[in-house]
Amino acid sequence: MSQHAHVAEAPKGIVRKYIFSTDHKVIGIQYLLLALFSVFVGMVLSVFMRMRLAWPAEKWPLLQQLFPDGFAGGPMTPEFYLSMMTMHGTIMVFFVLTTAPLSGFGNYFLPIQIGARDMAFPTLNMLSFWVTFVALMVMMAALFAAGGAPISGWTGYAPLSALGEIAGPGLGLGQTLWIISIAIFCVASLLTSLNFLATTINLRAPGMSLGRMPLTVWSWFTTAILALLAFPVLLAGGILLLLDRLGGTSFFIPGGLVVSDQLIRHEGGSPLLWQHLFWFFGHPEVYIAILPGMGVTSHILSTFCRKPIFAYKAMVSAIFAIGFISYIVWGHHMFMSGMSPYTSMAFSITTLAVGVPSAIKTFNWLATLWGSQIRFTTAMLFALGFVSLFVTGGVTGLLLAQPAVDIFLHDTYFVVAHFHMIMGVAAIFGIFGGIFFWFPKMFGRMMNETLGRVHFWLTLVGVYAVFMPMHFLGAAGAPRRYAELTEFQFLKPLQPLHLFISVAAFITIASQLIFLVNVIWSAWKGKTASVNPWEATSLEWTIPSPPPHDNFGETEPVVYRGPYEYSVPGASSDYLLQTAPAEKVSG
Amino acid sequence: MASSIATGKPENMRNAFAHGAGNGAGGWTNGGGGGGSGRFVPLETYRMGMWFAVAGIAMLFIALTSAYAVRQGLGPDWQAIPMPRILWLTTALLLTSSITMEKARRAVQLEYLGRWLAATLLLGVAFLGGQFFAWLRLEAQGLYLATNPHSSFFYVLTGLHGIHIAGGIAALSYLLLMLRREYVLQGGQCGPVPTHGVRWVEVVGIYWHFMDGLWLYLLVMLFAWT
Numbered sequence: 001m002s003q004h005a006h007v008a009e010a011p012k013g014i015v016r017k018y019i020f021s022t023d024h025k026v027i028g029i030q031y032l033l034l035a036l037f038s039v040f041v042g043m044v045l046s047v048f049m050r051m052r053l054a055w056p057a058e059k060w061p062l063l064q065q066l067f068p069d070g071f072a073g074g075p076m077t078p079e080f081y082l083s084m085m086t087m088h089g090t091i092m093v094f095f096v097l098t099t100a101p102l103s104g105f106g107n108y109f110l111p112i113q114i115g116a117r118d119m120a121f122p123t124l125n126m127l128s129f130w131v132t133f134v135a136l137m138v139m140m141a142a143l144f145a146a147g148g149a150p151i152s153g154w155t156g157y158a159p160l161s162a163l164g165e166i167a168g169p170g171l172g173l174g175q176t177l178w179i180i181s182i183a184i185f186c187v188a189s190l191l192t193s194l195n196f197l198a199t200t201i202n203l204r205a206p207g208m209s210l211g212r213m214p215l216t217v218w219s220w221f222t223t224a225i226l227a228l229l230a231f232p233v234l235l236a237g238g239i240l241l242l243l244d245r246l247g248g249t250s251f252f253i254p255g256g257l258v259v260s261d262q263l264i265r266h267e268g269g270s271p272l273l274w275q276h277l278f279w280f281f282g283h284p285e286v287y288i289a290i291l292p293g294m295g296v297t298s299h300i301l302s303t304f305c306r307k308p309i310f311a312y313k314a315m316v317s318a319i320f321a322i323g324f325i326s327y328i329v330w331g332h333h334m335f336m337s338g339m340s341p342y343t344s345m346a347f348s349i350t351t352l353a354v355g356v357p358s359a360i361k362t363f364n365w366l367a368t369l370w371g372s373q374i375r376f377t378t379a380m381l382f383a384l385g386f387v388s389l390f391v392t393g394g395v396t397g398l399l400l401a402q403p404a405v406d407i408f409l410h411d412t413y414f415v416v417a418h419f420h421m422i423m424g425v426a427a428i429f430g431i432f433g434g435i436f437f438w439f440p441k442m443f444g445r446m447m448n449e450t451l452g453r454v455h456f457w458l459t460l461v462g463v464y465a466v467f468m469p470m471h472f473l474g475a476a477g478a479p480r481r482y483a484e485l486t487e488f489q490f491l492k493p494l495q496p497l498h499l500f501i502s503v504a505a506f507i508t509i510a511s512q513l514i515f516l517v518n519v520i521w522s523a524w525k526g527k528t529a530s531v532n533p534w535e536a537t538s539l540e541w542t543i544p545s546p547p548p549h550d551n552f553g554e555t556e557p558v559v560y561r562g563p564y565e566y567s568v569p570g571a572s573s574d575y576l577l578q579t580a581p582a583e584k585v586s587g
Numbered sequence: 588m589a590s591s592i593a594t595g596k597p598e599n600m601r602n603a604f605a606h607g608a609g610n611g612a613g614g615w616t617n618g619g620g621g622g623g624s625g626r627f628v629p630l631e632t633y634r635m636g637m638w639f640a641v642a643g644i645a646m647l648f649i650a651l652t653s654a655y656a657v658r659q660g661l662g663p664d665w666q667a668i669p670m671p672r673i674l675w676l677t678t679a680l681l682l683t684s685s686i687t688m689e690k691a692r693r694a695v696q697l698e699y700l701g702r703w704l705a706a707t708l709l710l711g712v713a714f715l716g717g718q719f720f721a722w723l724r725l726e727a728q729g730l731y732l733a734t735n736p737h738s739s740f741f742y743v744l745t746g747l748h749g750i751h752i753a754g755g756i757a758a759l760s761y762l763l764l765m766l767r768r769e770y771v772l773q774g775g776q777c778g779p780v781p782t783h784g785v786r787w788v789e790v791v792g793i794y795w796h797f798m799d800g801l802w803l804y805l806l807v808m809l810f811a812w813t
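Heads up: the sequence lines are chains Y and F, in that order. The first sequence stops at residue 587 when you use the numbering used here, and every number in between is there. The second sequence stops at residue 813 when you use the numbering used here, and every number in between is there.
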């Protein structure tokens with residue numbers, strides 16, 4: 001087979017091997033590094049915000065020297081706070097929560113878990129990454145743009161985002177770059193998702209029927225469908241928004257606006273139109289961030305419970321149900337935008353319906369845990385943490401889904417607490433779980449479990465300390481997005497809570513250094529990992545750690561069984577690899 | 588030239604490499620974005636990838652359609668612009684190009700493939716030229732991007748469609764360059780279409796037909812649906 005001999009050839013030279021590589025594993029790591037850089041930037045921005053909220057009048061001489069405009073007159077200006085908030089949200093949602101779980105882990109492990117040598121279109125895959133990279137660079141340019149970074153939030157609501165410099169600092173060049181970056185990101189996501197879909201449908205190894213795919217693959221597959229159909233809608237909105245700014249059109253700008261004492265020469269546009277387009281993308285986007293975490297959690301729970309995942313088919317159906325419903329709930333972000341109460345009711349019912357498949361998943365995770373002999377690895381701890389955060393964040397979603405309740409809670413810290421719990425932190429726990437679980441496979445070395453546990457507990461307690469009090473702030477009526485809440489008499493007693501949240505946030509952020517040290521130390525000095533250190537069953541654990549260039553070498557894997565065959569009665573070991581033929585089971 | 592047809596019907600060829608014949612003639616080994624790995628990816632995968640891309644592009648225009656409908660219902664500032672007559676011609680050009688694309692897709696021999704692809708490419712360029720002329724005509728009538736919402740949508744939709752056609756033209760040019768190289772490799776003889784060429788023609792064909800259908804849809808939406 002001359003073709004197979006050809007296959008084993010890995011590219012030579014640093015550029016082809018590590019930079020413009022078409023190897024899905026290298027691209028996966030590139031995405032993870034891009035997300036790591038982005039999460040660092042995003043965290044720094046949140047430190048700025050928490051400083052302002054905890055010590056509203058404090059002057060920071062050093063920062064004043066670095067950002068003379070942002071700290072004009074001593075304390076951080078409200079506009080600077082808003083730009084930090086906008087960039088924090090944007091960078092975290094797009095360049096961390098979308099890239100790491102889907103493009104990062106999905107790129108690395110989807111082809112291996114279905115027994116493929118690479119993605120269906122490797123060159124396209126490389127292109128997707130570099131387009132994403134360009135999007136990030138443009139976003140960084142927006143962060144440091146002359147006139148400041150945009151202040152219109154990660155949702156870029158029109159008309160604030162559509163009017164240009166006249167509407168405020170950062171809304172000139174910064175906002176334009178922001179829109180361009182998002183548009184580029186949309187294109188990259190489209191390329192990534194079509195690659196994922198074609199790969200999953202067409203490149204599965206013999207025997208890898210749909211019912212034998214790990215739940216991770218199902219979640220990446222569903223996420224790719226969501227990304228494929230959601231991002232073009234944001235792209236459409238972005239193009240129209242850019243034309244409103246640069247081409248003089250009036251898609252989103254209503255008539256008769258007076259801004260900075262000037263009459264705006266636009267008429268007839270609708271800010272609501274932007275909200276519809278944005279949230280038609282925005283709600284599926286939430287599930288794009290969280291679904292891969294669900295897949296990873298299912299995978300890890302089953303592995304370390306040494307039990308099959310409870311109700312595999314129900315899990316797959318629930319993933320699809322969540323994905324489908326995500327397209328018909330976007331209106332719940334707009335209850336307060338003057339929508340008809342009947343429309344609100346319809347969106348409320350569909351939103352509450354998300355609770356059903358979510359509960360199916362949660363109870364199935366609990367049923368998987370029930371009566372099992374749990375191996376408490378760090379990966380397992382993070383998976384359990386995911387379940388905890390998913391429930392905490394999900395329950396408040398049911399409250400916010402009701403228009404009557406939302407009238408009060410809308411745009412308060414309650415919403416901030418809700419989406420950080422479920423979309424931010426839960427998804428991040430999914431990422432951490434994935435890193436601890438797959439690090440041995442990716443780098444051939446084990447991570448340090450002691451450091452891992454310390455990091456886990458500090459992070460878990462930390463995120464609860466940060467976001468639980470925000471529920472109380474929201475219930476008390478504290479509005480989000482405000483740089484300063486001391487102006488309100490009724491909120492003054494809650495200022496110590498802001499101080500507590502800030503301190504908790506700084507400690508939590510600092511404890512991420514433990515993780516960073518663990519990753520770097522383990523990559524160089526960690527214990528050498530065997531082929532299958534967790535005694536897991538899916539295909540990535542049948543090949544060397546780290547896997548060779550073509551994953552499976554000369555022989556194509558043949559799959560004989562499902563992905564979660566742990567503790568099979570009569571089997572010789574407590575796990576059966578997916579490649580184990582029937583005759584090897586007993587003995 | 589027809590005498591040099593070597594391998595018979597295209598179905599046979601497609602089947603041949605769907606069963607693992609892999610990469611064909613020498614000039615084509617760097618297959619289908621294979622990035623030098625030279626691995627075997629069936630034609631069906633390429634088709635599927637293009638169908639997903641088409642789905643994504645369709646979503647872009649569906650979103651714009653909903654924006655179009657909403658914006659039209661918003662107020663009295665919507666004034667329908669007259670349809671530039673040259674659009675009849677450009678529509679005819681694009682429809683014809685779908686026929687030539689289909690001829691190319693069914694060609695089994697390098698020379699015919701090259702001819703039909705070149706015809707498609709020329710028709711595509713002519714279409715773009717006609718679209719640009721339509722823009723100039725509207726501008727001559729004082730109808731600019733920002734004049735009113737209908738003119739805005741006209742420029743946005745024709746512009747985005749034009750960008751996609753330009754992408755198709757780029758793909759056709761790349762394909763023709765590859766064919767040229769293959770022609771040289773075959774020593775100036777016109778042999779069968781290599782497998783990699785078949786893949787490209789297939790996916791570009793799907794894309795091109797979709798762009799054709801999309802244009803008809805946009806035309807109806809812009810000027811027949813009020």
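Note that beta-carbon positions come from the ideal geometry of N, C-alpha and C, so glycine has one too. Every value quoted in this text rests on a predicted model; they were computed, and no experiment measured them.
Helix, strand or coil, according to DSSP, for L730 of chain F in the structure here?
Three-state result, L730 of chain F: coil.
Beta-carbon contacts of G620 of chain F that lie in its chain and below 8 Å, excluding the five residues immediately before and after
Its pLDDT being 37, under 50, G620 of chain F is placed unreliably by the model, and the measurement read from it follows with that caveat. Cβ neighbours of G620 of chain F beyond the five flanking positions: none.
Taking contact to mean 3 or more Cβ pairs, one atom from each stretch, closer than 8 Å, check whether the segment 415 to 422 of chain Y and the segment 264 to 279 of chain Y are in contact.
Counting Cβ pairs under 8 Å, fewer than three are found: no touch.
Measure how close the beta-carbons of L190 of chain Y and P232 of chain Y come, nearest whole angstrom, since I'm counting them as under 8 Å.
About 7 Å separates the two Cβ atoms, so the contact holds.
So is E267 of chain Y in contact with chain F if we call contact Cβ pairs under 7 Å?
Chain F, which has a Cβ nearer than 7 Å to the Cβ of E267 of chain Y, makes this yes.
Neighbourhood of K525 of chain Y by C-beta distance below 6 Å, restricted to the same chain and skipping five residues each side:
Apart from the 5 residues on each side of it in sequence, K525 of chain Y has no Cβ closer than 6 Å to any other Cβ in its chain.
When burial is assigned at 16 or more other CB atoms within 10 Å of the CB, is N602 of chain F buried or exposed?
Since pLDDT at N602 of chain F reaches only 34, below the 50 mark, its modelled position is unreliable, and the value read off the structure follows with that caveat. Result: exposed.
Supposed contact pair T632 of chain F and N202 of chain Y - C-beta distance, whole angstroms, cut 8 Å
Their Cβ separation, rounded to whole angstroms, is 4 Å, which keeps N202 of chain Y and T632 of chain F in contact under 8 Å.
Touch test, the segment 64 to 82 of chain Y against the segment 135 to 146 of chain Y, Cβ-Cβ under 8 Å, three pairs minimum
As far as the Cβ criterion goes, the segment 64 to 82 of chain Y does not touch the segment 135 to 146 of chain Y, which means the pair count is below three.
Local conformation of T629 of chain Y per DSSP, three classes
A question about residue 629 of chain Y goes unanswered here, because the residues of chain Y that appear run from 1 up to 587.
What would DSSP say about P779 of chain F, mapped onto helix, strand or coil?
Three-state result, P779 of chain F: strand.
Just checking: is the beta-carbon of M646 of chain F within a distance shorter than 7 Å of some beta-carbon in chain Y?
Interface residue, yes.
Inter-residue Cα distance where the pair is V461 of chain Y and A227 of chain Y:
Distance between the alpha carbons of V461 of chain Y and A227 of chain Y: 32 Å.
As assigned by DSSP and simplified to three states, the class of P232 of chain Y
The answer is helix: DSSP assigns P232 of chain Y an H, G or I state.
In chain order, what residues of the same chain lie with their CB nearer than 6 Å to the CB of L806 of chain F, ignoring the 5 residues before and after it?
No residues qualify anywhere along the chain.
Just checking my contact of I322 of chain Y with T200 of chain Y at CB under 8 Å: how many whole Å lie between their CB atoms?
Not a contact, Cβ separation roughly 18 Å.
If you drop the 5 nearest sequence neighbours on each side, which residues of the same chain put their C-beta closer than 7 Å to that of M339 of chain Y?
Contacts found: G331.
Is it the case that the segment 474 to 484 of chain Y contacts the segment 519 to 537 of chain Y, given that we only count it when at least three CB pairs across the two stretches are under 8 Å?
Touching, no, given that fewer than three Cβ pairs across the two stretches are closer than 8 Å.
Threshold first: 3 residues or longer. Then list the beta strand (DSSP E) segments lying entirely within the segment 135 to 205 of chain Y, N to C.
Counting only runs of 3 or more, we get nothing.
Chain Y within 7 Å of L661 of chain F, Cβ atoms only:
Cβ-Cβ to chain Y under 7 Å: yes for L661 of chain F.
Cβ-heavy atom distance between W795 of chain F and the ligand GTP below 6 Å?
Although the ligand GTP was asked about, the structure shown includes no ligands whatsoever.
Where M635 of chain F meets chain Y, residues with beta-carbon distance less than 7 Å
Ordered by position in chain Y, the residues that pass the 7 Å Cβ test against M635 of chain F are A198, I201, N202.
At least one CB of chain Y closer than 7 Å to the CB of T632 of chain F: is that the case?
Yes, T632 of chain F lies at the interface with chain Y (some Cβ there is under 7 Å from its Cβ).
Would you mind sorting R658 of chain F into buried or exposed? The rule is 16 or more other CB atoms within 10 Å of its CB.
R658 of chain F is buried by the Cβ-count criterion.
Let me see if you follow: with CB-CB separation under 7 Å, is G613 of chain F close to chain Y or not?
In this prediction, G613 of chain F scores a pLDDT of 30, lower than 50, which makes its location untrustworthy; the coordinate-derived value is nonetheless stated afterwards. With its beta carbon at least 7 Å from every one in chain Y, G613 of chain F lies outside the interface.
With a threshold of 6 Å on Cβ separation, who are the neighbours of D799 of chain F within its own chain once the five nearest residues in sequence on each side are excluded?
L681, S685.
Test: G643 of chain F CB closer than 7 Å to a CB of chain Y:
Chain Y contact via Cβ: present.
Just curious, the alpha helix (DSSP H) that V695 of chain F is in, first and last residue?
Unbroken run through V695 of chain F: none, as it is neither H nor E.
List, in order along the chain, the chain Y residues whose C-beta lies closer than 7 Å to that of A667 of chain F?
Ordered by position in chain Y, no residue passes the 7 Å Cβ test against A667 of chain F, which lies about 14 Å from the chain.
Less than 8 Å between C-beta atoms, sequence neighbours within five positions excluded: which residues of the same chain meet that for F304 of chain Y?
The beta carbon of F304 of chain Y sits closer than 8 Å to those of I374, R375, F376, T377, A379, M380, A383, W534, all from its chain and outside the five residues before and after it, given in chain order.
Any C-beta of chain Y under 7 Å from that of V790 of chain F
No - not a single Cβ of chain Y is within 7 Å of the one on V790 of chain F.
Decide if A505 of chain Y is buried, meaning its Cβ has at least 16 other Cβ atoms within 10 Å, or exposed.
Counting other Cβ atoms within 10 Å of its Cβ, A505 of chain Y reaches 16 or more and is therefore classed as buried.
Exposure label - G614 of chain F; buried when at least 16 CB within 10 Å
With a pLDDT of 29 at G614 of chain F, under the threshold of 50, the modelled position of this residue cannot be trusted, and the question is left open.
Excluding the five sequence neighbours on either side, which residues of its own chain have a C-beta within less than 7 Å of the C-beta of K361 of chain Y, listed in chain order?
Closer than 7 Å at the Cβ level, and outside the excluded window around K361 of chain Y, lie M294, M315, A318.
What's the C-alpha gap between A705 of chain F and A691 of chain F?
Whole-angstrom Cα-Cα distance: 9 Å.
If we cut at 7 Å on Cβ distances, does L732 of chain F have a partner in chain Y?
It does: the Cβ of L732 of chain F has a partner Cβ on chain Y nearer than 7 Å.
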